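**Student:** First to last, the sequence lines map onto chains A and B.
When you read off a place in the first sequence, starting at 1, and then add 134, the result is the number in our numbering.
When you read off a place in the second sequence, starting at 1, and then add 6, the result is the number in our numbering.
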Amino acid sequence: NPDLSQERRKATFRVDSLSELLYGVEHLKSRRMIAKLVDTTPELHDTFPTTFMSREEKVENAARKIVALMKYLPSINSFKFEDIFYYQSLVMHVDGHPLSLHGVMFVPLLMQQTDEEQRQKWLPRAIKGEIIGTYAQTELGHGTNVRQLETTATYDADNEQFIVNSPTVTSTKWWPGNLGKVSNYAIVVAQLYVKGNCYGPHQFIVQLRDENTHLPLPGITIGDIGPKFGINTNDNGFLRLNNVRIPRKQMLMRYSKVTQNGQYIRPIHEKLGYGGMVFVRSVMVSQQALFLAIACTVGIRYSCVRRQGEITPGSGEVKVLEYQTQQYRLFPQLARAYACWFAGKRIMTLYAELLDGLNENKTDLLPQLHALSSGLKAVVTHQVALGIEQCRMACGGHGYSNASALPELYGTAVGGCTYEGDNIVLLLQTARFLMKM
Amino acid sequence: AKMAIAMNMQSASVTTKYLFRDRPTKSSINQYSALDHSVLIEAFEHIACRLIFTVYNRIENLKKCGRTREEACNECSVDLCKASRAHTRLFIAQTLSNTIAEITDRNVAAVMNDVATLYLAHELVECAAGLLELSDDYFSGQQVAYLRSVVYKAMNTIRPNAVPLVDAFDINDREMNSVLGRRDGNVYENLLQWAQLSPLNKTDVITAYIKHLGPYMKQ
């Protein structure tokens, strides 16, 4: 389009230099190579715009693509998180897919929260895709308020087992991604009871479905929770456990432990179990910045294609981006996208420092990072949702069409205001840290 | 709060050191001196400190009046959230400013400096109520008006680079999945093509018409 070409000729800087600042030189090169691989591999493409598909067709299409994605994974010749994440976003887009939680929660938690023996047993199977796992924490009655979760895990020393149970209807696990139809294992968060004492929420590996038939195991009631505001390609599910017995070794025991005779060993820092949440919230900040960057890209490019009205009568219709109101709708969001992008990079750097420190049992960064990642997740998700909506409205009527991809993007992004912790609760967690300081 | 400062100096962490630093009582933002990002960041710090210490004092006073800590926190929870947002906004603003300061490519640094100026000024204008409400004369209405003019000027400066700035996000058409945002800008012809894929367009006459509307219209 000549209008866009004209815009590109106005650049006062080398665009790739800025892309290198955002992605790093190496990752930018990988992106280009990965994009070319995907473009030339029809198996990785949608046979049909997904927006025209039913939920069942979307889930099946995503399952087909994720299997193809894993088949061609070696071709990208990288195990870097950002390369794989980009490869996945090119193929799967933003509406979710069958291995979402497996990659972002199940595998990282097996890496971070298991002891050596458990890691040997479970991690290889998860990475090879022999098992598909999710993370089941949120319940019908409680989500963010982890301390009040009702699912129980009672230790039976005689049989060296935990009995995992959903005692009430509100204890039904509800919302976890890929819980409904896809996963055959889950890391279930339950209140730990040993010899009548409650030690608070802990994490347990529970098998949900038979590894051959994929049928739910005895004591397991499981299914999809139905259509949502967005991310409808994800089979968010419900789970009820009826006194399901699991071996003692299936409690994640890197930090807290239960010995064979039923003795509870406390973690070095009460918030260590929050490591997984800090990681996910840090990833979320960067992902949300990308969502806003996508919306700004759509809004600003289209605002240079769309001509409406004349500023000076008789001078011909102008690009809508010449109007100050259009700039005021879009440019602050563009600036925010960059600001959130760099904040996401920074928090991931701090997270890496946290992990190094934890390996030397230094935990002083943990409270700060827990508070900061909570605050960032709350502020960024809210500002990004508002920003996407501004970009969508800047596209006029066509922003209301799924052809713009902005309604689906908004539906995906705004979920971030409640999942991984309700924004208000997270702000209060940050405030508690500030008051303590 | 003053007492808390004395006690907590040594435990100040990376992200909260600003709470215990002395700060100017008046902002030096004005149209007669160069607008340095540091004076804008200082305003973010001021808002965060004031909101944090004000709510801290309110909680302490409520506790002195006999409330439990939990009751006092609940009665102050809206202000606690505002304080957290201000603390987080400061981290984002500081990180942006630090990142821009390290850019070595001169042309990229120039355009990103405009972006950062727009971000910082626009965020402060959005927090203007908080700044002016603090009733400590740190900030004036003229300074808010000046920042608003800085926003308009920054938008004007950014305008020629708007498309290159979004191209730099390097978002592939396949990832964006948007007809409006296509890199080649050929929107309208592709919108028409896209619409024709709608399942409703599989046949010219749909079942709904054949089964219901047609007979109704003929009766």
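All C-beta atoms, glycine included, are put in the ideal place defined by N, C-alpha and C.
Since the structure is predicted, the reported quantities are computational estimates derived from the model, not experimental observations.
With DSSP as the reference, label T231 of chain B as helix, strand or coil.
**Tutor:** Outside the displayed span of chain B (7 to 225) sits residue 231 of chain B, for which this structure offers no information.
**Student:** Would S90 of chain B and T564 of chain A be called neighbours here (beta carbons separated by less than 7 Å)?
**Tutor:** Position 84 of the second sequence holds residue 90 of chain B. Position 430 of the first sequence holds residue 564 of chain A. A contact, by the Cβ cut-off of 7 Å.
**Student:** Would G187 of chain B pass as an interface residue toward chain A - the criterion being a Cβ-Cβ separation below 7 Å?
**Tutor:** In the second sequence, residue 187 of chain B corresponds to position 181, counting from 1. For G187 of chain B, the answer is yes, since a Cβ of chain A falls inside 7 Å of its Cβ.
**Student:** Could you tell me whether the Cβ of Y62 of chain B comes closer than 7 Å to any Cβ of chain A?
**Tutor:** Here residue 62 of chain B is taken as the residue at index 56 of the second sequence, counted from 1. Yes, its Cβ sits closer than 7 Å to a Cβ of chain A.
**Student:** Restricting to Cα atoms, I'd like to know which of A:V439, A:Q295, A:L500 is closest to I137 of chain A.
**Tutor:** Looking up residue 137 of chain A in the first sequence gives position 3. The sequence shown places Asp at residue 137 of chain A, not Ile. When each option's Cα is compared against that of D137 of chain A, the closest is A:V439.
**Student:** Return no unless some Cβ of chain A is closer than 7 Å to the Cβ of G191 of chain B.
**Tutor:** By 1-based counting over the second sequence, the position of residue 191 of chain B is 185. Interface residue, yes.
**Student:** If you count every other CB in all the chains shown that lies within 10 Å of the CB of N299 of chain A, and 16 or more means buried, which is it?
**Tutor:** Stepping through the first sequence from its first residue, residue 299 of chain A is reached at position 165. Burial call: buried.
**Student:** Closer than 7 Å by beta-carbon distance: list the chain B residues that pair up with S223 of chain A, in chain order.
**Tutor:** Within the first sequence, residue 223 of chain A is the residue found at index 89, counting from 1. What S223 of chain A touches in chain B: E181.
**Student:** Can you name the start and end residues of the alpha helix (DSSP H) that C133 of chain B belongs to?
**Tutor:** Residue 133 of chain B sits at position 127 when you count from the first residue of the second sequence. Element bounds for C133 of chain B: n/a, residue is neither H nor E.
**Student:** Please report the residue range of the beta strand (DSSP E) in which L375 of chain A lies.
**Tutor:** In the first sequence, counting from the first residue as 1, residue 375 of chain A sits at position 241. 371-375 is the span of the beta strand (DSSP E), which, as asked, contains L375 of chain A.
**Student:** So, for V419 of chain A: in the same chain, excluding its five sequence neighbours on each side, which residues have a beta-carbon less than 7 Å away from its beta-carbon?
**Tutor:** Within the first sequence, the letter at position 285 stands for residue 419 of chain A. So the list reads C474, A477, G478, I481, L510, K511, V514, once near-sequence residues are dropped.
**Student:** F296 of chain A lies in the beta strand (DSSP E); which residues open and close that run?
**Tutor:** Translated into the one-based positions of the first sequence, residue 296 of chain A becomes position 162. Segment 295-299, the beta strand (DSSP E) holding F296 of chain A.
**Student:** Could you name the residues of chain A that L130 of chain B contacts, counting a contact when the two beta carbons are closer than 8 Å?
**Tutor:** On the second sequence, residue 130 of chain B is found 124 positions in, with the first residue counted as 1. Chain A residues near L130 of chain B: none, gap ~12 Å exceeds 8 Å.
**Student:** Using a Cβ cut-off of 7 Å (strictly closer), state whether T105 of chain B contacts chain A.
**Tutor:** Taking the first residue of the second sequence as 1, we reach residue 105 of chain B at position 99. So yes, T105 of chain B belongs to the interface.
**Student:** Kindly indicate if chain B contains any beta-carbon less than 7 Å away from that of M571 of chain A.
**Tutor:** For the purposes of this step, residue 571 of chain A is taken as residue 437 along the first sequence, with counting starting at 1. At least one chain B Cβ lies under 7 Å of M571 of chain A.
**Student:** Please report the straight-line C-alpha distance between L197 of chain B and T181 of chain A, rounded to a whole angstrom.
**Tutor:** Locating residue 197 of chain B in the second sequence gives position 191, where the first residue counts as 1. Locating residue 181 of chain A in the first sequence gives position 47, where the first residue counts as 1. Rounded to the nearest angstrom, the two C-alpha atoms are 18 Å apart.
**Student:** Closest Cβ-Cβ distance between T146 of chain A and chain B: below 7 Å?
**Tutor:** Counting from 1 along the first sequence, the entry for residue 146 of chain A is found at position 12. Yes, T146 of chain A counts as interfacial toward chain B.
**Student:** Keeping to the same chain, check which residues put their C-beta closer than 8 Å to that of C55 of chain B; ignore five residues upstream and five downstream.
**Tutor:** Walking along the second sequence from the start, residue 55 of chain B turns up at place 49. Only Y24, L25, R29 meet the Cβ criterion.
**Student:** What do you reckon, are the CB atoms on G267 of chain A and Y319 of chain A nearer than 7 Å?
**Tutor:** As a working note, residue 267 of chain A is residue 133 in the first sequence. As a working note, residue 319 of chain A is residue 185 in the first sequence. Yes.
**Student:** In angstroms, rounded to a whole number, what distance separates the CA positions of Y462 of chain A and S507 of chain A?
**Tutor:** Taking the first residue of the first sequence as 1, we reach residue 462 of chain A at position 328. Taking the first residue of the first sequence as 1, we reach residue 507 of chain A at position 373. Rounded to the nearest angstrom, the two C-alpha atoms are 29 Å apart.
**Student:** Q325 of chain A by DSSP, collapsed to three states: which one?
**Tutor:** In the first sequence, the residue the question calls residue 325 of chain A occupies position 191. Note: Q325 of chain A maps to strand in three-state DSSP.
**Student:** Since Q422 of chain A meets chain B, which of its residues come closer than 7 Å, beta carbon to beta carbon?
**Tutor:** Counted from its first residue, the first sequence places residue 422 of chain A at position 288. Going along chain B, no residue has its Cβ under 7 Å from Q422 of chain A, so there is no contact; the nearest lies around 12 Å.
**Student:** What is the DSSP secondary structure of Q397 of chain A, counted as helix, strand or coil?
**Tutor:** Position 263 of the first sequence, counted from the start, is the residue given in the question as residue 397 of chain A. Of the three classes helix, strand and coil, the one that applies to Q397 of chain A here is coil, per DSSP.
**Student:** If you compare alpha carbons, which of A:P335, A:I261, A:H516, A:T146 is closest to V241 of chain A?
**Tutor:** What you label residue 241 of chain A is simply residue 107 of the first sequence in a count that begins at 1. Nearest C-alpha to V241 of chain A: A:I261.
**Student:** Within 7 Å (strictly less), CB to CB, does G509 of chain A reach chain B?
**Tutor:** Here the question's residue 509 of chain A lines up with position 375 in the first sequence. True, the Cβ-Cβ gap to chain B drops below 7 Å.
**Student:** For H43 of chain B versus Y144 of chain B, is the C-beta distance shorter than 7 Å?
**Tutor:** On the second sequence, residue 43 of chain B is found 37 positions in, with the first residue counted as 1. On the second sequence, residue 144 of chain B is found 138 positions in, with the first residue counted as 1. No, the pair does not count as a contact, with Cβ atoms beyond the cut-off.
**Student:** Take E251 of chain A and list the residues in its own chain whose beta-carbon comes closer than 8 Å to its own, dropping the five residues that flank it on each side.
**Tutor:** Taking the first sequence and counting its residues from 1, one reaches residue 251 of chain A at position 117. Cβ within range, chain order: K383.
**Student:** CA-CA distance, L155 of chain A and L464 of chain A?
**Tutor:** Locating residue 155 of chain A in the first sequence gives position 21, where the first residue counts as 1. Locating residue 464 of chain A in the first sequence gives position 330, where the first residue counts as 1. Those two C-alpha atoms are separated by around 22 Å.
**Student:** Output yes if chain B places a C-beta closer than 7 Å to the C-beta of N135 of chain A; else output no.
**Tutor:** What you label residue 135 of chain A is simply residue 1 of the first sequence in a count that begins at 1. Judged by the 7 Å Cβ criterion, N135 of chain A is in contact with chain B.
**Student:** For the stretch 153-180 of chain B, enumerate the residues whose C-beta is nearer than 9 Å to any C-beta of chain A, in chain order.
**Tutor:** Under the 9 Å Cβ criterion, the stretch 153-180 of chain B contributes V157, Y158, A160, M161, N162, I164, R165, P166, N167, A168, V169, P170, L171, V172, D173, A174, F175, D176, I177, N178, R180.
**Student:** Could you check the C-alpha separation between V172 of chain A and F59 of chain B for me, to the nearest Å?
**Tutor:** Here residue 172 of chain A refers to the residue found at position 38 of the first sequence. Here residue 59 of chain B refers to the residue found at position 53 of the second sequence. Cα to Cα, V172 of chain A sits roughly 53 Å from F59 of chain B.
**Student:** Can you find the residues in the same chain that come closer than 8 Å, C-beta to C-beta, to L206 of chain B, ignoring five residues on each side of it along the sequence?
**Tutor:** Against the second sequence, residue 206 of chain B aligns to sequence position 200. Excluding sequence neighbours, L206 of chain B sits near I212.
**Student:** Return no unless some Cβ of chain A is closer than 7 Å to the Cβ of S44 of chain B.
**Tutor:** Reading the second sequence from its first residue, position 38 is the one you call residue 44 of chain B. False, the Cβ-Cβ gap to chain A never drops below 7 Å.
**Student:** Which same chain residues, not among the five before or five after I65 of chain B, have their C-beta less than 7 Å away from its C-beta?
**Tutor:** Against the second sequence, residue 65 of chain B aligns to sequence position 59. Only A78, C79, C82 meet the Cβ criterion.
**Student:** Please list, in chain order, the chain B residues whose beta carbon lies closer than 7 Å to that of I434 of chain A.
**Tutor:** In the first sequence, the residue the question calls residue 434 of chain A occupies position 300. Chain B residues near I434 of chain A: A168, V169, V172.
**Student:** Can you find a C-beta in chain B that's less than 7 Å from the C-beta of P242 of chain A?
**Tutor:** Taking the first sequence and counting its residues from 1, the one referred to as residue 242 of chain A is at position 108. No, P242 of chain A does not count as interfacial toward chain B.
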